[in-house]
Amino acid sequence: MRTSHTERAVTLLATDVQPGATGQAQIQCSSTAGVLDQCFEVRFQRLLQRASYDLRVDGAIYATFRADANGSGGVVFQNQQTDSDEGNWDGAQRQDTENCSGGTADRRQSGPTTDLEGARQLAHVLLQASLKHADRSEGDKDMPLPLPTALTPVTNIHLVEVVDSSGRVGLKGNFSGTSRQNMVAIAYIGLCPASGLQASGETLISFKARGKSRKQSMLVEATGLAPGSYKIVINGNTAGKLNSRSGHARFMKTKKKNTLPLEIDSVLAITSLQVLDSSDQIVLSGRLGNS
Numbered sequence: 017m018r019t020s021h022t023e024r025a026v027t028l029l030a031t032d033v034q035p036g037a038t039g040q041a042q043i044q045c046s047s048t049a050g051v052l053d054q055c056f057e058v059r060f061q062r063l064l065q066r067a068s069y070d071l072r073v074d075g076a077i078y079a080t081f082r083a084d085a086n087g088s089g090g091v092v093f094q095n096q097q098t099d100s101d102e103g104n105w106d107g108a109q110r111q112d113t114e115n116c117s118g119g120t121a122d123r124r125q126s127g128p129t130t131d132l133e134g135a136r137q138l139a140h141v142l143l144q145a146s147l148k149h150a151d152r153s154e155g156d157k158d159m160p161l162p163l164p165t166a167l168t169p170v171t172n173i174h175l176v177e178v179v180d181s182s183g184r185v186g187l188k189g190n191f192s193g194t195s196r197q198n199m200v201a202i203a204y205i206g207l208c209p210a211s212g213l214q215a216s217g218e219t220l221i222s223f224k225a226r227g228k229s230r231k232q233s234m235l236v237e238a239t240g241l242a243p244g245s246y247k248i249v250i251n252g253n254t255a256g257k258l259n260s261r262s263g264h265a266r267f268m269k270t271k272k273k274n275t276l277p278l279e280i281d282s283v284l285a286i287t288s289l290q291v292l293d294s295s296d297q298i299v300l301s302g303r304l305g306n307s
């Protein structure tokens with residue numbers, strides 16, 4: 017069964033418009049047996065009390081919400097669909113929906129949501145251990161809004177901005193530009209065996225950026241392989257060798273040691289991984305999301 021999960025969180029930095037404000041944007045995307053489950057969440061604190069703000073993503077506005085009495089608020093978008101339905105949801109219907117923070121958000125019709133266990137839980141635990149999330153009040157339990165079709169897949173989201181009623185940007189963050197901001201990301205890729213093989217494997221990817229510092233790594237583990245040497249291929253490029261002893265193999269690389277393939281500037285660019293035997297036959301393979 018094909019399984020993958022990716023999760024990224026980026027700090028929203030304050031501008032001169034609201035110098036004391038802070039916030040966070042987070043995306044999650046899980047794919048299990050052809051079912052794609054996605055979530056996009058934005059939180060902010062210390063903006064103007066009870067003021068209205070727009071959520072602008074890559075130049076387009078997707079929600080309008082109102083800060084509470086403490087200057088806090090946020091919005092959550094979520095949907096679940098099959099990979100083959102990607103981009104085919106009927107997104108024409110839009111309506112204002114009251115969220116639990118007292119704000120309103122424009123939304124588009126989408127599918128129901130489900131809780132995918134397994135890989136999502138594993139990756140989520142790793143992220144929570146690495147990231148200090150934005151504070152939430154005790155009663156802050158927003159109901160998810162349907163994810164707009166234009167925001168799928170969420171892994172394609174880049175620039176996130178919180179804009180005031182005068183069109184001024186109060187908070188902003190970018191999931192792509194990680195060199196000068198704080199960001200944490202993890203991904204899990206389940207590796208499926210070729211037909212007739214009993215092997216299994218998984219890949220864990222981690223990324224942490226703070227200011228100009230970046231730490232990233234990739235771990236590959238496999239079981240059930242015949243003894244011998246195997247080739248690891250990432251996005252079509254050879255990344256190294258996996259040596260199997262007693263059916264178990266482990267491989268780890270970090271960008272800090274300049275051991276990732278030159279073609280891969282960041283582990284965030286990894287979308288596929290294959291394990292090849294000495295005859296260059298694929299024995300294990302996996303893809304991230306529906307890429």
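Reminder that position 211 of the sequence shown reads as 227 in my numbering, one-by-one numbering, no gaps. No residue lacks a Cβ here, since even glycine has one placed at the ideal position from N, Cα and C.
query: Backbone CA spacing between Thr22 and Ser288 [nearest angstrom]; result: 13 Å
query: Simplified DSSP state of Val170, which is helix, strand or coil; result: helix
query: Separation of Ile202 from Ala25, as counted between CA atoms; result: 9 Å
query: Straight-line Cα distance separating Pro243 from Leu163; result: 46 Å
query: Cα-Cα separation between Val73 and Val291, rounded to whole angstroms; result: 37 Å
query: Sequence-distant residues of the same chain with beta carbon closer than 8 Å to Arg261, five excluded per side; result: Pro243
query: With 16 other Cβ atoms within 10 Å as the buried cut-off, status of Gly90; result: buried
query: Val315 - DSSP class collapsed to helix/strand/coil; result: Since the displayed the chain opens at 17 and closes at 307, residue 315 lies outside it and no answer follows.
query: Same chain, Cβ closer than 8 Å to Gln214, neighbours up to 5 away in sequence not counted; result: Gly240
query: Residue from Arg266, Lys231 and Leu161 whose Cα sits closest to the Cα of Ser216; result: Arg266
query: Residue range of the unbroken beta strand (DSSP E) whose run includes Ala25; result: Thr19 to Ala30
query: Endpoints, beta strand (DSSP E) assigned at Ala225; result: Ser216 to Arg226
query: Thr38 in three-state terms, based on DSSP; result: strand
query: Proximal residues to Thr27 (C-beta, below 8 Å), its chain only, five neighbours per side dropped; result: Thr38, Gly39, Gln40, Gly189, Gln197, Asn198 and Met199
query: Cα-Cα separation between Asn253 and Leu235, rounded to whole angstroms; result: 16 Å
query: Exposure label - Ala108; buried when at least 16 CB within 10 Å; result: Summary for Ala108: the model assigns pLDDT 27, below 50, so the residue's position carries little reliability, and this model does not support an answer.
query: Contact set for Leu175: own chain, Cβ-Cβ below 6 Å, skip 5 residues either direction; result: Asp74 and Asn190
query: Helix, strand or coil at Thr254 [DSSP, three-state]; result: strand
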